[in-house]
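Asks:
In the working numbering, the protein residues as written are 1 to 102.
(1) Rounded to whole angstroms, how far is the Cβ of residue 16 from the Cβ of residue 66, which I believe are closer than 8 angstroms?
(2) Tell me where the beta strand (DSSP E) around residue 64 begins and ends.
(3) Quick one: what's residue 12 bridged to in DSSP?
(4) List the whole-angstrom C-beta distance separating residue 26 from residue 101, where the pair is believed to meet the contact cut-off of C-beta under 8 angstroms.
(5) Can you give the Cα-Cα distance for residue 56 and residue 14, rounded to whole angstroms?
(6) Please state the DSSP three-state secondary structure of residue 4.
(7) Helix, strand or coil for residue 86, going by three-state DSSP, please let me know.
(8) By a C-beta neighbour count over all protein chains shown, 10 Å radius and 16 as the cutoff for buried, is residue 91 buried or exposed?
What follows is the structure, given as C-alpha cells:
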C-alpha cells in the first residue's frame with residue numbers, strides 16, 4: 001500500500017530492524033546510486049531526451065525501510081485501514097517519506 005501511494009519516489013517499501021527511534025529511513029538499493037552521485041550525474045548531462053530518462057531512473061533507486069513497532073507506523077497503519085483514501089492519510093504517507101529523506 002505504501003509503495004502504491006509513493007509511486008515512483010521509491011523502488012520498494014520493506015520492513016527493517018536497523019532503526020530504533022525513527023519510523024522510517026531511505027536506503028539505497030544494492031545497485032542504486034547515492035544521492036551525491038545522482039547530483040553529479042545530473043550536473044554532467046546536457047539537455048536532451050536522454051535526460052528525462054535518466055531523471056526517471058535515478059529517482060527510482062531508494063528503498064523506504066519502515067519500523068513496524070514505531071508509533072507513527074502503527075498510526076499510519078490504523079489510518080490506512082480506516083480511511084485509506086483520506087487526504088490526511090495521504091499527507092501522513094508523504095510526511096513519512098519526506099522525513100525519511102532528510
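A virtual CB, placed ideally from N, CA and C, is assigned to each residue, including glycine.
From a predicted model like this one, the values you see are computed outputs, not experimental measurements.
Replies: In this structure, then:
(1) 7 angstroms
(2) 62-66
(3) 63, per the DSSP bridge assignment.
(4) 6 angstroms
(5) Only weak support exists for where residue 56 lies, its pLDDT of 49 falling under 50; the value from the coordinates is given anyway. Whole-angstrom Cα-Cα distance: 21 angstroms.
(6) helix
(7) coil
(8) exposed
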